[in-house]
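Encoded as structure tokens, the structure appears first; notes follow it.
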Amino acid sequence: MDSVRSPEWPVAPLGGVAANSAAARYGMSPGTGPIVGRAGPPPAAPPPYRPPSGAGSVPPPTGKPAAPPIPVKILVAGGFGVGKTTTVGAISEIAPLTTEAEMTTAGIGVDDPGARSTKTTTTVAMDFGCVTIDRSLKLYLFGTPGQTRFGFMWDDLARGALGALVVVDSARLDDCFPAIDFFERAGLPFVVGVNAFDGRLALELGEIRWALAIGDHVPLVQFDARDRLSVRDALLVVLDRALDRATRDRRA
């Protein structure tokens, strides 16, 4: 078996007795035997630790658990096929809950997503997702169904919401009137977000505001439902609108 040598050991010929001797390893003279026990008296033990005066009465600092973020409910509403499900899915930090069902021939003439749409499914209940804005705020997003026959669900979904993002297709403005009317009657702060299909709008924002007959106090923004940052910016406008309403109500 080959001998094993530490790199700091002196080099000795392989097979030689000196290669594995204590004298060769530790630099001892051949006549010196191994040192047994201590060469001198043991060192004095260090004094026992004593805390500073008064320190025993102060409990050690303990970290306080961080407060959970405040939950905020936001609705994502609008007409059929305007991009509500896409909006929720683009921003949600969890796998969004969707209730998509395949569209069938029974919906022809009833569910019309528009000539430009390649939509083959539709929401039959709601969409759900969430996103954490910061350590103190977390948004819970509820997407409403767009078909008129599911309008009875909107009252339940709107309960407890602080605001809404009404998604609009600029080429099909007629489909968003029921959503705008609903939130105006409910008195819920809302923002109109015009979804830029293919990166462009069919009408200018000023023309859309005039066609929808909404006042200047209602924010009107352009966003892309497929882009996370664009959806985030639109939701921040909704939060700002809800905060402004809450501030005014408190002062009143």
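FYI, the numbering for the sequence shown is 15 to 266, going by our numbering.
Beta carbons: idealized from backbone N, C-alpha and C, even for Gly.
- Ala239 is a Cβ neighbour of Asn209, given a cutoff of 7 Å.
- In the structure shown, Pro159 falls within a coil segment according to DSSP collapsed to helix, strand and coil.
- Note on geometry: alpha-carbon atoms of Phe156 and Pro233 lie some 20 Å from one another.
- When rounded, the separation of the alpha-carbon atoms in Asp169 and Lys87 is 14 Å.
- Gly213 counts as exposed, since fewer than 16 other C-beta atoms from the protein chains shown sit within 10 angstroms of its C-beta.
- The beta carbon of Ala260 is closer than 6 Å to none in its chain, skipping five residues each way along the sequence.
- Taking one beta carbon from each stretch, the region 218-236 and the region 199-209 have 3 or more pairs nearer than 8 Å; the two touch.
- Residue environment: Gly201 is assigned as exposed (fewer than 16 neighbouring CB atoms within 10 Å of its CB, all protein chains considered).
- Its Cα nearest to that of Ala178, the residue Ala91 stands out among Arg149, Pro82, Pro83 and Ala91.
- Val235 has Gly207 as its beta-bridge partners, per DSSP.
- Within the region 165-193, the alpha helix (DSSP H) runs of at least 4 residues that lie entirely inside it are, in chain order, 168-172.
- In the three-state scheme derived from DSSP, where H, G and I count as helix and E and B as strand, Lys152 is classed as strand.
- Taking a C-beta distance under 7 Å as the contact criterion, Ser244 and Leu215 do not qualify as a contact pair.
- Selection Ile228, Pro83, Ala81 and Asp141 evaluated against Ala109 yields Asp141 as nearest (Cα-Cα).
- Contact check for Phe197 and Val180: beta-carbon distance about 7 Å, within the 8 Å limit, so the pair qualifies.
- Separation of Val145 and Leu89 (C-alpha to C-alpha, rounded to the nearest whole angstrom) is 13 Å.
- Counting of Cβ neighbours within 10 angstroms places Pro79 among the exposed residues, the total staying below 16.
- Cα atoms of Pro203 and Ile228: separation of roughly 13 Å, rounded to the nearest angstrom.
- Pairing Asp189 with Gly93 gives a Cβ-Cβ distance under 7 Å.
- Ile84 places its beta carbon 7 Å or farther from that of Arg242.
- Put simply, of Thr99, Gly97, Leu111 and Ile147 the residue whose alpha carbon is nearest the alpha carbon of Val251 is Ile147.
- Of the candidates Arg223, Asp263, Arg246 and Thr99, Arg246 places its Cα closest to the Cα of Leu153.
- DSSP, read as helix, strand or coil, puts Asp141 in strand.
- Cβ contact annotation for Leu111 (same chain, cutoff 6 Å, sequence separation greater than five): Phe142, in chain order.
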